[in-house]
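Student: When we follow the UniProt record's numbering, the leftmost residue of the sequence shown carries the number 1, and every step to the right adds one. We treat Cβ as the ideally placed atom computed from N, Cα and C, and that holds for glycine. Please read these numbers as outputs of a predicted model, since none were measured by experiment. Structure provided below as structure tokens; questions to follow.
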Amino acid sequence: MRVAVLALLWGSSFLWIKLALDGGLAPLHLTVVRCALGAAVLLGLARAARQRLPRDRRTWGHLVVAALFCNALPFLFFGIGEQTVDSGVAGVMNATTPLWSLGLGLLLRTDRGLGRYRLGGLVLGFAGTSLIFAPWHEAGLASGGALVLLAAAVSYAVAFAYMARHLIGRGTEPLALSAAQLLVATGLTALGLPFTTGSGTAPSLTGVVAVVLLGVFGTGLTFHLNSRLIADEGPTAAATVGYLLPVVSVALGALVLGEALSVRVVAGMAVVLAGVGLTRYRPSSERTAARSTPFRARTTGGVSSTSRMPRPETAATCHGDSM
Numbered sequence: 001m002r003v004a005v006l007a008l009l010w011g012s013s014f015l016w017i018k019l020a021l022d023g024g025l026a027p028l029h030l031t032v033v034r035c036a037l038g039a040a041v042l043l044g045l046a047r048a049a050r051q052r053l054p055r056d057r058r059t060w061g062h063l064v065v066a067a068l069f070c071n072a073l074p075f076l077f078f079g080i081g082e083q084t085v086d087s088g089v090a091g092v093m094n095a096t097t098p099l100w101s102l103g104l105g106l107l108l109r110t111d112r113g114l115g116r117y118r119l120g121g122l123v124l125g126f127a128g129t130s131l132i133f134a135p136w137h138e139a140g141l142a143s144g145g146a147l148v149l150l151a152a153a154v155s156y157a158v159a160f161a162y163m164a165r166h167l168i169g170r171g172t173e174p175l176a177l178s179a180a181q182l183l184v185a186t187g188l189t190a191l192g193l194p195f196t197t198g199s200g201t202a203p204s205l206t207g208v209v210a211v212v213l214l215g216v217f218g219t220g221l222t223f224h225l226n227s228r229l230i231a232d233e234g235p236t237a238a239a240t241v242g243y244l245l246p247v248v249s250v251a252l253g254a255l256v257l258g259e260a261l262s263v264r265v266v267a268g269m270a271v272v273l274a275g276v277g278l279t280r281y282r283p284s285s286e287r288t289a290a291r292s293t294p295f296r297a298r299t300t301g302g303v304s305s306t307s308r309m310p311r312p313e314t315a316a317t318c319h320g321d322s323m
């Protein structure tokens, strides 16, 4: 039941973004409010748990980079992208994050475990993305908005690599670290407000309700619930949520917004998820070898050689993927 609730709350984020944009909010305004409300929720939870914000300047410096790539940029990119692209497709683009994470790990040589399953997953994932975009087709999605959505997924991948190296396991409690990160993200995005103009009219009630739901539930509360799910039921349960997110976003987009679903997009989504699943798959022989190898030998510069993303119970807030 908790997996289903979390998938619904998290996967509905793309619906709230679309409704907030349609309700008169500009992408940057949406991003600032989302970060601020998420930070408020996590600050309250951290205070209730008696977790204190980091005090050293070095951690805050790393949080600036993490907040930029893990919150400010992708949140803004999703707002920009969904101005012209359906919310369901945005959810599918979000699901490509693990593929970019693996590609980045190979590029930086922090991931050396590319076997046939992960290579096949990488190829499948990008083939599925190409199928969704269909640049060879007149009605394809190879537009500026769709490319911005992919940029958001790439930004998440960059953030995961940076956070694994500089923030994870450094002694700061997870809720406090996440609250601090969203505080920084709020400040970074607020810097752009003087240079942004809105639609000239006040947001509609639907737009206001949507951004509140996005900030409180889709940004703040989902992190806490995901952390509790991993702590109580393990990372496998959390991985299930990651595979449900694009399914939820596509279903809500079709049911609530009446977004059209072409056979090509549905097929592309299935191929993407299959590819992501293969990049996560490890044969029993590899798992046995990993268990027999000391942890320090399996890491390079603080980043695990399996290229797994930071586990949410130890990571700061980053909603690109929970697989």
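Please list the terminal residues of the continuous alpha helix (DSSP H) segment that includes S262.
Tutor: As a position in the sequence shown, residue 262 is number 262, starting the count at 1. From DSSP, S262 is part of no alpha helix (DSSP H); its letter is neither H nor E.
Student: Going by the CB atoms, is the gap between L221 and C35 shorter than 8 Å?
Tutor: Residue numbering aside, residue 35 sits at position 35 when the sequence shown is read from its first letter. Residue numbering aside, residue 221 sits at position 221 when the sequence shown is read from its first letter. Taking 8 Å as the Cβ cut-off, C35 and L221 do not qualify as a contacting pair.
Student: Find the nearest neighbour of Q83 within the set I17, Y243 and G120, judged by alpha-carbon distance.
Tutor: Counted from its first residue, the sequence shown places residue 83 at position 83. Cα-wise, what sits closest to Q83 is I17.
Student: May I have the straight-line CA-CA distance separating L244 from A7, to the nearest angstrom?
Tutor: One-based indexing of the sequence shown puts residue 244 at position 244. One-based indexing of the sequence shown puts residue 7 at position 7. Approximately 6 Å, taken between the alpha carbons.
Student: Can you find the residues in the same chain that come closer than 6 Å, C-beta to C-beta, to G120, ignoring five residues on each side of it along the sequence?
Tutor: Along the sequence shown, one-based indexing puts residue 120 at 120. Closer than 6 Å at the Cβ level, and outside the excluded window around G120, lie L278.
Student: Among L108, L53 and V216, which has the Cα closest to the Cα of V32?
Tutor: Position 32 of the sequence shown, counting from 1, holds the residue named residue 32. Comparing Cα positions, the closest option is V216.
Student: Taking 6 Å as the limit between beta carbons, can you name the residues of its chain near S204, skipping five residues before and five after?
Tutor: Here the question's residue 204 lines up with position 204 in the sequence shown. Same-chain partners within the cutoff: G23 and G24.
Student: Quick check: what's the CA-CA separation for E259 versus D86?
Tutor: Position 259 of the sequence shown, counted from the first residue, corresponds to residue 259. Position 86 of the sequence shown, counted from the first residue, corresponds to residue 86. So the alpha carbons of these two residues sit roughly 7 Å apart.
Student: Since G91 and G11 should fall inside the 8 Å C-beta cutoff, what is the C-beta to C-beta distance between them, to a whole number of angstroms?
Tutor: Locating residue 91 in the sequence shown gives position 91, where the first residue counts as 1. Locating residue 11 in the sequence shown gives position 11, where the first residue counts as 1. That belief holds up - the Cβ atoms of G91 and G11 are roughly 6 Å apart, short of 8 Å.
Student: Taking all protein chains shown into account, decide if P312 is buried (16 or more other Cβ within 10 angstroms of its Cβ) or exposed.
Tutor: Numbered from 1 along the sequence shown, position 312 holds the residue referred to as residue 312. Confidence in P312 is poor, its pLDDT being 40 and thus under 50, which makes the residue's placement too unreliable to answer from.
Student: Using a Cβ-Cβ cutoff of less than 6 Å, which residues in the same chain neighbour S155 once the five nearest sequence positions on both sides are dropped?
Tutor: Along the sequence shown, one-based indexing puts residue 155 at 155. Correct list, in chain order: F69, L73 and P74.
Student: Please go through the same chain and pick out, in chain order, the residues whose beta-carbon is closer than 6 Å to the beta-carbon of A152, but skip the five residues on each side of it.
Tutor: If you number the sequence shown from 1, residue 152 lands on position 152. Counting only Cβ-Cβ distances below 6 Å, and skipping sequence neighbours, we find P74, F77 and F78.
Student: For the 8 Å Cβ check, are there 3 or more pairs between the stretch 264-279 and the stretch 122-134?
Tutor: Contact between the stretch 264-279 and the stretch 122-134 is present, because at least three Cβ pairs lie under 8 Å.
Student: Just the Cα atoms here: how many angstroms apart are A127 and L108?
Tutor: Position 127 of the sequence shown, counting from 1, holds the residue named residue 127. Position 108 of the sequence shown, counting from 1, holds the residue named residue 108. Straight-line Cα distance between these residues: approximately 23 Å.
Student: With a 10 Å radius around its C-beta and 16 neighbouring C-beta atoms as the bar for buried, classify S101 as buried or exposed.
Tutor: Residue mapping note: residue 101 aligns to position 101 of the sequence shown, counting from 1. Its Cβ being crowded by 16 or more others within 10 Å, S101 is buried.
Student: What's the call for F195, buried or exposed, on a 16-neighbour Cβ count within 10 Å?
Tutor: The count along the sequence shown starts at 1 and reaches residue 195 at position 195. Exposed is the call here.
Student: I need the boundaries of the alpha helix (DSSP H) containing Y162, first residue and last residue.
Tutor: Numbered from 1 along the sequence shown, position 162 holds the residue referred to as residue 162. Note, Y162: alpha helix (DSSP H), G144 to H166.
Student: For L193, is the classification buried or exposed, using 16 other Cβ atoms within 10 angstroms of its Cβ as the cut-off for buried?
Tutor: What you label residue 193 is simply residue 193 of the sequence shown in a count that begins at 1. Flag for L193 reads exposed.
Student: For the alpha helix (DSSP H) containing F14, list its first residue and its last residue.
Tutor: Numbered from its first residue, the sequence shown carries residue 14 at position 14. Taken as a continuous stretch (DSSP letters only), the alpha helix (DSSP H) holding F14 covers S13 to D22.
Student: Measure the alpha-carbon distance for V247 versus V89 and round it to whole angstroms.
Tutor: Within the sequence shown, the letter at position 247 stands for residue 247. Within the sequence shown, the letter at position 89 stands for residue 89. Rounded to the nearest angstrom, the two C-alpha atoms are 10 Å apart.
Student: By the 10 Å Cβ neighbour count, where 16 or more other Cβ atoms means buried, how is S227 classified, buried or exposed?
Tutor: Residue mapping note: residue 227 aligns to position 227 of the sequence shown, counting from 1. Buried, since its Cβ has 16 or more Cβ neighbours within 10 Å.
Student: Work out the CA separation of R55 and I132 for me, nearest whole Å.
Tutor: Numbered from its first residue, the sequence shown carries residue 132 at position 132. Numbered from its first residue, the sequence shown carries residue 55 at position 55. So the alpha carbons of these two residues sit roughly 45 Å apart.
Student: By DSSP, does V3 sit in helix, in strand, or in coil?
Tutor: Position 3 of the sequence shown, counted from the first residue, corresponds to residue 3. Helix at V3.
Student: Whose C-alpha, out of L43, V64 and R52, is nearest the C-alpha of L188?
Tutor: Taking the first residue of the sequence shown as position 1, residue 188 is located at position 188. It is V64 whose Cα lies nearest to the Cα of L188.
Student: Starting from the C-beta of P310, find all residues in its chain whose C-beta is less than 6 Å away, skip the five residues before and the five after it, and write them out in chain order.
Tutor: On the sequence shown, position 310 is the one that residue 310 refers to. Legend: pLDDT at P310 = 41, less than 50; position of this residue unreliable, value from coordinates given subsequently. Excluding residues within five positions, the ones whose Cβ falls inside 6 Å are M163, A164 and I168.
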